[in-house]
Amino acid sequence: MKSIDARLRKLLGNAPKSYWEEKISSKPGYWGERLLSQLVFAHEVSKVEGRKYDEPIEAALSYVEDQIAEEGVIGKHTAQHVESMLSELAAVAKSYDIICAAHAHIDMNWMWPWDETVSVTIDTFRTMLNLLNEYPDFTFSQSQASIYRIVEQYAPDMLEEIKERVKEGRWEVTASHWVEADKNMPNGESLARHLLYTKRYLSQLFDIDPDSLNLDFEPDTFGHSVNVPEILANGGVKFYYHCRGNDGHIVYRWQAPSGKSVIVYREPTWYNDSVQPILGSYVPEICRQTGLKTYLNVYGVGDHGGGPTRRDLERIMDMNDWPIYPQIRFGTFSEYYKLVEPIADKLPVVTGEINFVFTGCYTSQTRIKTANRIGEATLNEAETFSSVAAIATGSAYPGAAYEEAWRNVLFNQFHDILPGSGVIETREHALGLFQNTMAIASTNRKLALESIAATIDTSQWSGPEDKLTVSEGAGVGYGTREFKITQVERGRGNTRIVHFFNPSVYDREETAEFVLWDWNSRIKTLIVRDSEGRDTAHQVIDEGFNPYWGHHYMRLLVYAKASACGYSTYTISEGEGSVNPFLPTDPRVERENEYVLENDVLRVTFHPVDATVISMIQKKTGTQMIDASRPAGLFRLIQEDTGKGMSAWYIGRYMKIENAHSNVKLKMISDGSIRQSLQYELECGASNLKVIVSLDRNNPRLDFQVECDWHEIGKSGISIPQLNFHWPLAYESATYKYDVPFGTILRKPLDMDVPGNSWALGVQDAGKPSVMLVTNNKYGFRGTDNALSVSLIRSSYAPDPYPEFGNHHRISIGVCVVESACDQELIENAYRFNHPFNVLSGTPHTGTRPLDGSFLKLTEGKVVVAAVKMPEQDTDKRWIIRVHETEGQRTTATLQLFQAVSEAYYVDMNERKVTNDGSIQASGKTVTFEVPAYSVASICLEFE
4 MKSIDARLRK LLGNAPKSYW EEKISSKPGY WGERLLSQLV FAHEVSKVEG
54 RKYDEPIEAA LSYVEDQIAE EGVIGKHTAQ HVESMLSELA AVAKSYDIIC
104 AAHAHIDMNW MWPWDETVSV TIDTFRTMLN LLNEYPDFTF SQSQASIYRI
154 VEQYAPDMLE EIKERVKEGR WEVTASHWVE ADKNMPNGES LARHLLYTKR
204 YLSQLFDIDP DSLNLDFEPD TFGHSVNVPE ILANGGVKFY YHCRGNDGHI
254 VYRWQAPSGK SVIVYREPTW YNDSVQPILG SYVPEICRQT GLKTYLNVYG
304 VGDHGGGPTR RDLERIMDMN DWPIYPQIRF GTFSEYYKLV EPIADKLPVV
354 TGEINFVFTG CYTSQTRIKT ANRIGEATLN EAETFSSVAA IATGSAYPGA
404 AYEEAWRNVL FNQFHDILPG SGVIETREHA LGLFQNTMAI ASTNRKLALE
454 SIAATIDTSQ WSGPEDKLTV SEGAGVGYGT REFKITQVER GRGNTRIVHF
504 FNPSVYDREE TAEFVLWDWN SRIKTLIVRD SEGRDTAHQV IDEGFNPYWG
554 HHYMRLLVYA KASACGYSTY TISEGEGSVN PFLPTDPRVE RENEYVLEND
604 VLRVTFHPVD ATVISMIQKK TGTQMIDASR PAGLFRLIQE DTGKGMSAWY
654 IGRYMKIENA HSNVKLKMIS DGSIRQSLQY ELECGASNLK VIVSLDRNNP
704 RLDFQVECDW HEIGKSGISI PQLNFHWPLA YESATYKYDV PFGTILRKPL
754 DMDVPGNSWA LGVQDAGKPS VMLVTNNKYG FRGTDNALSV SLIRSSYAPD
804 PYPEFGNHHR ISIGVCVVES ACDQELIENA YRFNHPFNVL SGTPHTGTRP
854 LDGSFLKLTE GKVVVAAVKM PEQDTDKRWI IRVHETEGQR TTATLQLFQA
904 VSEAYYVDMN ERKVTNDGSI QASGKTVTFE VPAYSVASIC LEFE
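Using our numbering, read the sequence shown as starting at 4 and increasing by one per residue.
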């Protein structure tokens, strides 16, 4: 006799080729589906019970086979008779319980524009509300605060209906995040703000306890970074739901390096499914794995909203009456997690990141990637300096505006927007939100700096007023294209005042660039002096007349200092004039061309033919950082195989790797005391690259500024063109380090792209210098074969056929030689790369502040300061400061403030006071507090 499996397969029909095909392809009608579903379930029960029920199942199958042979169909009589034959299984069948949690998978702007997302939301919710009215036991669950914001904005009457259902417990709000977000590319502070703004918004909107918003529902998110449990635990989230990223345990406890954890349910089937009679077949084995007799069935049809259908509801009610089948009922996610929570200590523990999937998404749609990185960075600085200005000058803190800007950033972190797996309209809407974000963040950042500058006493440079000046107001808006504060001129005459603002919590001395407008002195020499009148090194890198602004300009570099989270003041004035004989400048001697950039730290040599880096010597130790057989600094045109399909999602096998360094146009453009630079141009397929490579004074970092006019087009069946930057290492690297949200991670060499928040490091033995690649807008790195590379542009062809075409690509790459393995220093290096000094034109006036000053300084502790802001409530004279520990050891952090602190205490990510996170003390202008290993800590300071 054939096995039970073989006999069931014959009755069920051909096995489906994919999950989405009909599971019972024989189409046996209602009674046939009912009976076969019960037989399959009974067989699965017997398997987990040691084949205890095989005999009655075989007898039942024989009866069914005989009836089909005689009647040709499974009718009501046959089904009911077989159910009675299996009656001894009824009790064990009903010992299993299926909770059916309904939801609608509503993607934000995936394959459609914003107005369609709004329509999808409202249409879906009307269906759900109608079903809730008709079926009194039906319950519905919905995630994403952005969806509720849509209803509030566009269908306020519908919102009132939803509120009623929430109040009666039949509409479960499963949102703890603004959207179902990517978990690899947003920085840690973004993930914290998802929690903060979502919980505040929804608890107020629905008058519910924010602690009830304790589920992070991420069904379709493309991987999950290592510190997510730490972040969630700090924000009062206990439970996690996901589908992608691993294929191991179904219910487990995911533990962060800090030791904090969340209870996770990994969807074993899929998250946007209909209710099918065969679903009971999953239950016994999955329950065996989880240790529970309850199975969570998540249902709701469509990848475009829609949700559960009337058929789903009718089936659930009907299937509950089947005698050889689990109890099946409407329910919620919270019901299931409440069953899991008491056995949390018995669950398997998973550590580390839950990655990787869809690695092409770390690079696809580069403009959206730029919007994310720049938006996060600008808001970081804007909030910091607005917080300073509020306490130092009494300026109003624009908290509501910042929340709006953050909501834009968070919305764009949806798992099909930031990953770049959307269409043209997806990108257009995302970039529109980015413009609004930058208008808010950049404007308020500058207003804060101007407010601070207005209190600095610069009266010593007051002098006779020049009534005929043209410089004041020159350069309005200049610098916005580079996402800087605008370089408008406020000074006049031949003495100008400049303030450098440092957003870091460390004192810094580095090269800074600014623009001097309408400098009309006949004496060509300039003198730049610091606040104490000492001459400071400077360099003119460009000057001329800008017809767009209608003013003359001079771009200057200054080797400037600025105090931690503070400012410095410099002046530019006329130098000493001289009269010397004027001699001819025609060339008299021709010398060998050398393409070398050198400062006190590095000597970098470029090949005179192809402009690759053939030598990089760390001068202190004499270490050669380049393998002579493998030149570095390579731009490569890679053709990816299209065989995997889904070109925006997948990076294909590298079919062809082409060195782009042929027919190079190369020249030195600057050989000053502050910056040395060379420029080269490349033809890369049908595209063009213009690259400026610079080495600044005392800087261990070689900077590449890249402009690309990209004309490569991907085609199915041909290739996906990719622009790639490659840096072979001169040493063996067994591991590679990357920055991730609120920390770093070590990974083994992998010949695939992996995510980094901004940088990757080829790790060398302790005490030896290593190479670090840091970027301003890239996320897809590859560390393998003793080399680092970063994917810069990919011409995927679906769903957007032309995602990258054009001359809008501006990329910054830093190649840094680092001596320390300390994560704190590595993160600070990257921060300085992405957060240069802000430069503000000043004026002479009286004030109460000195010419140089600091508002916040980290003086002790292995932590990184991730945010300085004012609380969302009760902002008067209070700061929230968030830090994370970097070295894996409990540390004591000390902050030096500019004003006395009356009280300091820990808060969670929702800015609520907590009392069990360690000791914290405030004494005058100093605050000291403990931070556990690998942990995130938020503190609130109340100023006197």
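For every residue, glycine included, the Cβ atom is placed at its ideal position computed from N, Cα and C.
Remember, it's a predicted structure, so these values are computed and weren't measured experimentally.
query: So which of Pro139, Ala737, His106, Leu669 has the shortest CA-CA distance to Phe128?
result: Residue 128 sits at position 125 when you count from the first residue of the sequence shown. Answer by Cα proximity: His106.
- request: Jot down the residue ranges of each uninterrupted alpha helix (DSSP H) in the stretch 269-312, minimum 4 residues, whole runs only, in chain order.
  value: 286-293
message: Using a Cβ-Cβ cutoff of less than 7 Å, which residues in the same chain neighbour Asn17 once the five nearest sequence positions on both sides are dropped?
response: Against the sequence shown, residue 17 aligns to sequence position 14. The residues are Ser28.
message: Here's the rule I'm using: 16 or more other beta-carbon atoms within 10 Å means buried, otherwise exposed. How should Tyr22 be labelled?
response: In the sequence shown, residue 22 corresponds to position 19, counting from 1. The residue in question, Tyr22, is exposed, as its Cβ has fewer than 16 Cβ neighbours within 10 Å.
message: Alpha carbons only, please: which of Lys740, Asp545, Leu764, Gly239 is nearest the one belonging to Ser680?
response: For the purposes of this step, residue 680 is taken as residue 677 along the sequence shown, with counting starting at 1. Answer by Cα proximity: Asp545.
- prompt: Ends of the beta strand (DSSP E) at Asp126?
  reply: For this step, residue 126 is matched to residue 123 along the sequence shown. Run containing Asp126: none in the beta strand (DSSP E); it sits in the alpha helix (DSSP H), 117-137.
field: Sequence ranges, beta strand (DSSP E) only - wholly within the stretch 513-584, length at least 3
entry: 529-532, 541-549, 554-565, 569-577
message: Does the stretch 775-785 come into contact with the stretch 363-376, if we say contact requires no fewer than three beta-carbon pairs (one atom in each stretch) closer than 8 Å?
response: yes
message: Out of Met4, Asp140, Ser149, which one is the CA nearest neighbour of Asn112?
response: Position 109 of the sequence shown holds residue 112. Asn112 has its Cα closest to that of Ser149, out of Met4, Asp140, Ser149.
Collapsed DSSP secondary structure at Gln187 in the structure displayed: For this step, residue 187 is matched to residue 184 along the sequence shown. Position check: residue 187 holds Asn in this sequence, whereas Gln was assumed. If DSSP states are grouped into helix, strand and coil, Asn187 belongs with coil.
- prompt: In the structure shown, what three-state DSSP assignment does Val616 receive?
  reply: As a position in the sequence shown, residue 616 is number 613, starting the count at 1. Three-state result, Val616: strand.
- prompt: Assuming Met628 and Ala515 make a contact with CB atoms under 8 Å, what is their CB distance in whole Å?
  reply: Working through the sequence shown from its first residue, we reach residue 628 at position 625. Working through the sequence shown from its first residue, we reach residue 515 at position 512. In fact, because the Cβ distance is near 26 Å, the residues do not count as touching under 8 Å.
- prompt: Per DSSP, what kind of secondary structure is Ile420 in: helix, strand or coil?
  reply: Position 417 of the sequence shown, counting from 1, holds the residue named residue 420. In this structure, Ile420 counts as coil in the three-state DSSP scheme.
query: Does the stretch 185-197 come within contact of the stretch 69-85, defined as at least 3 CB pairs closer than 8 Å?
result: no
message: With H, G and I counted as helix, E and B as strand and the rest as coil, what does DSSP make of Gln767?
response: For this step, residue 767 is matched to residue 764 along the sequence shown. Residue state, collapsed to three classes: coil.
message: Please report whether the beta-carbon of Glu831 lies at a distance below 8 Å from any beta-carbon of chain C.
response: The chain inventory of the structure shown lacks chain C, comprising one protein chain alone.
- request: Measure how close the beta-carbons of Pro59 and Glu91 come, nearest whole angstrom, since I'm counting them as under 8 Å.
  value: Counted from its first residue, the sequence shown places residue 59 at position 56. Counted from its first residue, the sequence shown places residue 91 at position 88. Going by Cβ atoms, the distance from Pro59 to Glu91 rounds to 6 Å, so yes, they are a contact pair.
Beta bridge counterpart(s) of Thr787 as assigned by DSSP: Along the sequence shown, one-based indexing puts residue 787 at 784. Ala790.
message: Please classify Val582 as buried or exposed, where buried requires at least 16 neighbouring CB atoms within 10 angstroms.
response: By one-based count along the sequence shown, residue 582 stands at place 579. The residue is exposed, with fewer than 16 neighbouring Cβ atoms inside 10 Å.
task: Could you give the DSSP three-state label for Glu24: helix, strand or coil?
output: The count along the sequence shown starts at 1 and reaches residue 24 at position 21. Coil at Glu24, not helix or strand.
- prompt: How far does the alpha helix (DSSP H) with Val95 in it reach, from first residue to last?
  reply: Residue mapping note: residue 95 aligns to position 92 of the sequence shown, counting from 1. First-last of the alpha helix (DSSP H) with Val95: 93-97.
Check whether Tyr340 and Leu218 have beta carbons under 8 Å apart: Taking the first residue of the sequence shown as 1, we reach residue 340 at position 337. Taking the first residue of the sequence shown as 1, we reach residue 218 at position 215. Yes, the Cβ-Cβ distance between Tyr340 and Leu218 is below 8 Å.
- prompt: For Tyr1014, which residues does DSSP report across the bridge?
  reply: Any question about residue 1014 goes unanswered here, given that the chain covers just 4 to 947.
Own chain residues within Cβ distance below 6 Å of Arg376, not counting five before or after: As a working note, residue 376 is residue 373 in the sequence shown. If we look at Arg376 and ignore the five residues flanking it on each side, its Cβ neighbours are Asn780.
- prompt: Tell me which same chain residues have a C-beta within less than 6 Å of the C-beta of Tyr244, skipping the five on either side of it?
  reply: To locate residue 244, count along the sequence shown from 1; it is residue 241. Contacts found: Phe220, Tyr268.
query: Quick one, which of Val694, Gly850, Arg332 has its alpha-carbon nearest Tyr683's?
result: In the sequence shown, the residue the question calls residue 683 occupies position 680. The candidate whose alpha carbon is nearest that of Tyr683 is Val694.
Whole-angstrom distance between Met619 and Leu776, CA atom to CA atom: As a working note, residue 776 is residue 773 in the sequence shown. As a working note, residue 619 is residue 616 in the sequence shown. C-alpha separation (whole angstroms): 14 Å.
message: Could you give the first and the last residue of the continuous alpha helix (DSSP H) run that contains Leu753?
response: As a working note, residue 753 is residue 750 in the sequence shown. Neither: Leu753 is in no alpha helix (DSSP H) and is coded neither H nor E.
field: Euclidean distance between Cα positions of Phe901 and Ser844
entry: As a working note, residue 901 is residue 898 in the sequence shown. As a working note, residue 844 is residue 841 in the sequence shown. Their backbone Cα atoms lie some 23 Å apart in a straight line.
Beta-bridge pairing of Tyr243 - partner residues as DSSP gives them: Here residue 243 refers to the residue found at position 240 of the sequence shown. Paired residues: Asp219, Val267.
Limits of the beta strand (DSSP E) - the one that Leu640 falls within: Taking the sequence shown and counting its residues from 1, the one referred to as residue 640 is at position 637. Start and end: 637-643.
- prompt: If you scan the stretch 644-681 from start to end, which runs of the beta strand (DSSP E) of 3 or more residues do you find wholly inside it?
  reply: 657-662, 668-674
message: Rounding to the nearest angstrom, what Cα-Cα distance links Gln292 and Lys659 in this structure?
response: Translated into the one-based positions of the sequence shown, residue 292 becomes position 289. Translated into the one-based positions of the sequence shown, residue 659 becomes position 656. Rounded to whole angstroms, Gln292 to Lys659 spans 45 Å at the Cα level.
Spatially closest choice to Val604 from Arg678, Lys296, His180, Val473, by CA coordinates: If you number the sequence shown from 1, residue 604 lands on position 601. The residue with the shortest Cα to Cα distance from Val604 is Arg678.
message: Restricting to Cα atoms, I'd like to know which of Asp510, Ile816, His714, Arg835 is closest to Phe858.
response: Locating residue 858 in the sequence shown gives position 855, counting from the first residue. Phe858 has its Cα closest to that of Asp510, out of Asp510, Ile816, His714, Arg835.
query: What's the call for Ser938, buried or exposed, on a 16-neighbour Cβ count within 10 Å?
result: Within the sequence shown, residue 938 is the residue found at index 935, counting from 1. Buried is the call here.
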